[in-house]
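Below: one structure, written as C-alpha cells.
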Amino acid sequence: MKIAIASGKGGTGKTFVSTNLFYAAQSLKHSVCLVDCDAEEPNVAGFLSGEVISKITATQKIPVFDTEKCTYCRKCSDYCEYNAIFVLPPAQFIKLTPELCHSCGACLLACEYNAITETDMPIGEITRFNYAQNGEIIEGRLFIGLERSTELIKLTQKAVSDNFEIVLYDSPPGTSCPFVTTVNNANAVLLVAEPTPFGLNDLKLSVEVLKTMNKPIFAIINKFGMGNNEVETYLNLQRIEILAKIPYTTQIAVEYSNGKIISQYNSTYKNIFEQAINRLCKQPTK
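Our numbering applies: residue 466 is where the sequence shown begins, and numbers increase by one.
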C-alpha cells in the first residue's frame with residue numbers, strides 16, 4: 466500500500482502526520498518505509514533519528530556536444546522543449562544550460578551527425594536510514610542550486626524495496642510538478658488541511674489536481690479549532706472522508722518543536738493515527 470501525505474501549502478503539518486503515521490504503522494507490526502520526497506528541504510530524518518544504512522549520489526543524464534562533428538544546424542535546440550540548448554551558428558557556438566535540461570534525450574534523437582553523447586550529472590543524494598526492526602526511512606536531498614527535484618523524487622521512490630507492506634510518501638508542498646510526481650505512484654492520497662483561509666484555498670487546488678489524476682482522497686484536519694469550519698464543510702461537500710481532527714494545542718506544538726513524535730508519548734494520538742492507518746490500508750491498491 467502506497468500512501469502520499471500532501472497538502473496545498475507549507476506548514477499545515479504534513480511531516481507531523483507522516484512521522485506519526487510511520488510510528489503508528491510500526492506499532493501495528495506493519496513493515497513500513499517513509500520516503501521524504503520534499504527534495505529541496507527534507508526534514509523527516511530530523512524527527513526520526515535512524516541509523517544510516519547507505520548513501521548514494523543520484524545522477525541524471527545530460528548531453529555532451531562533440532564540436533568536431535557538430536554542424537550547428539540547430540536541430541537539437543529546436544527539439545529541446547525546455548530551451549536548454551543555445552546554438553549560435555555564425556559563431557559555431559553551442560552551449561547547454563544544465564539547470565534547464567530534463568534529460569529527455571530528444572536532442573540525441575534529433576542529431577543526424579552523432580555529435581551528441583550523454584554523461585552523468587550529480588543532482589543530489591539518496592540516504593537510507595534503518596529505524597527499529599520493521600521500519601526504514603529514505604531521503605532524497607537535492608544539491609543546492611539545482612532545479613531537478615522531480616527527477617530526484619522519481620529516483621528516491623525507485624530506491625524503495627518491494628518488501629514493505631506500507632510505503633508513506635511525505636510530499637513537498639504545493640500542487641506543481643514535485644507534488645504530482647510524488648502522488649503519481651500512490652494508491653491513495655491523504656491531504657493534511659488546516660482551518661484557515663489560505664489552508665482552504667490551497668486545499669481546493671490540491672483536490673482539483675488529484676481529481677484529474679483519479680486518486681482516492683482522504684483528509685486529516687490539523688490544528689482543528691484554530692479557525693472556522695469552512696475546511697470541514699468543503700471536505701464534506703466534496704465527499705472526502707475525514708480520518709481525524711487533530712486539535713490545536715500547546716502540548717502538540719511544544720512536543721513537535723522539540724522534535725518529538727506525539728504518538729510515542731500520548732496513547733490518545735497513537736490510537737488516532739493507528740485508526741487512520743487501518744482505514745487507509747483498506748483502500749484497494751489497484
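For glycine and all other residues, C-beta sits at the position ideal for the given N, C-alpha and C.
The structure presented is a predicted model; accordingly, all values stated were derived computationally and were not measured.
With distances taken between CA atoms, valine 529 lies nearest to Phe551 out of Phe551, Ser514, Ile521 and Leu513. Proximity to phenylalanine 689 across Ala490, Thr698 and Pro681 peaks at Thr698, based on C-alpha coordinates.
Between the region 520 to 534 and the region 581 to 596, the count of Cβ pairs shorter than 8 Å is three or higher; the stretches touch. In this structure phenylalanine 487 is in contact with valine 497, their Cβ atoms being roughly 6 Å apart against a cut-off of 8 Å. One Cα belongs to serine 636, the other to leucine 675, and the distance between them is close to 13 Å. In this structure, glutamate 612 keeps its C-beta atom at 9 Å or more from the C-beta atom of glutamate 546. For lysine 520, the uninterrupted beta strand (DSSP E) segment begins and ends at 516 to 530.
Put simply, the backbone Cα of alanine 571 is about 12 Å away from that of threonine 582. The residues Lys467, Cys498 and Val625, in chain order, have a CB closer than 6 Å to that of valine 632 in the same chain once the five nearest residues on each side in sequence are set aside.
Scanning its chain for C-beta atoms nearer than 7 Å, with the 5 sequence neighbours on each side dropped, one finds around glycine 664 the residues Lys474, Thr477, Ala658 and Val696, in chain order. By the beta-carbon neighbour count (other beta carbons within 10 angstroms, threshold 16), cysteine 566 is buried.
Bounds of any alpha helix (DSSP H) do not take in alanine 549, whose DSSP letter is neither H nor E.
Taking 8 Å as the upper bound for CB-CB distance, lysine 623 and alanine 575 are not in contact here, some 28 Å apart. Phenylalanine 629: not part of any alpha helix (DSSP H); DSSP gives it neither H nor E. Tyrosine 596 sits close to glutamate 516, with the two beta carbons spaced by under 9 Å.
Glutamate 590 is bridged by DSSP to Thr522 and Arg606. Annotation for valine 672: Leu656, Ile682, Gln703 and Ile705 place their beta carbon closer than 8 Å to its own, counting only its chain and skipping 5 residues before and after. Cβ-Cβ distances below 6 Å link isoleucine 518 to Arg593 and Asn595 in the same chain, with the five nearest sequence neighbours on each side left out; the list follows chain order.
Shown here for alanine 489: same chain residues with a beta carbon closer than 8 Å to its own, the five before and five after excluded, namely Ser728, Lys735, Phe738, Glu739, Ala741 and Ile742 in chain order. The residues Ile685, Ile686, Ile737, Phe738, Gln740 and Ala741, in chain order, have a CB closer than 8 Å to that of alanine 709 in the same chain once the five nearest residues on each side in sequence are set aside.
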